[in-house]
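Peer 1: Dropping a structure here in structure tokens format, bear with me for questions.
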Amino acid sequence: MIITRTPFRISFMGGGTDFPGFYNENNGAVISTSINKYSFVLTHPSSPCFNHKIKASYAQIETVQQLDDVQHPIIRESLRFMGINEGIEVNHVSDLPGRTGLGTSSAFTVGLLHALHAMSGIRVSQEQLA
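Going by our numbering, the residue at position 77 of the sequence shown is 1056; the numbering climbs one at a time, nothing skipped.
Right, here's the structure in full:
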């Protein structure tokens, strides 16, 4: 079982300068810091006793047979990126709800990729995850 804890962040200025429409024409910079609220991701191999190949638990619970049937786009595409098609459970718990402007989706994605790399026995640096 792998558990990751990834902090959320507050951007003080510069939000939006990371969009191609802006940075292709201008310089950009963002000033932000992490806060003491977190996204927690727990991953572990699923038991062969269950009749699903992938289970994802977040605000909803998904149990599916095929990767393409996973509805959560970050989970589906992160598993695809890592070449994991079956035999996994992903659980997400958060100190804050999504859509708060505090980088909740980014923190979840970083935490999930960190957990999937660890499950695969791959050490990955913070720079690589970013």
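Beta carbons are placed, not taken as given, at the ideal position from N, Cα and C, and that holds for glycine.
#1: For Glu1068, which option in Ser1011, Pro1027, Ala1008 and Ser1013 has the closest C-alpha, if you only look at C-alpha atoms?
#2: Excluding the 5 residues flanking Gln1050 on each side, which residues of the same chain have their C-beta closer than 7 Å to its C-beta?
#3: Three Cβ pairs or more, each shorter than 8 Å: is that satisfied between the segment 1074-1086 and the segment 981-993?
#4: What is the DSSP secondary structure of His1023, reduced to helix, strand or coil?
#5: Quick check on Ala1086: buried or exposed, where buried means 16 or more other Cβ atoms within 10 Å of its Cβ?
#6: Can you tell which of His1031, Ala1038, Gln1045 and Phe1019 has its C-alpha closest to the C-alpha of Thr1088?
#7: Can you look up Met992 in the DSSP assignment and give me helix, strand or coil?
#8: Along the chain, where does the beta strand (DSSP E) containing Thr1079 start, and where does it finish?
#9: When the Cα of Ser1036 is compared with those of Thr1022, Gln1044 and Phe991, which residue comes out closest?
Peer 2: Let me lay it out:
#1: Pro1027
#2: Glu1041
#3: yes
#4: strand
#5: buried
#6: Phe1019
#7: strand
#8: Element bounds for Thr1079: n/a, residue is neither H nor E.
#9: Thr1022
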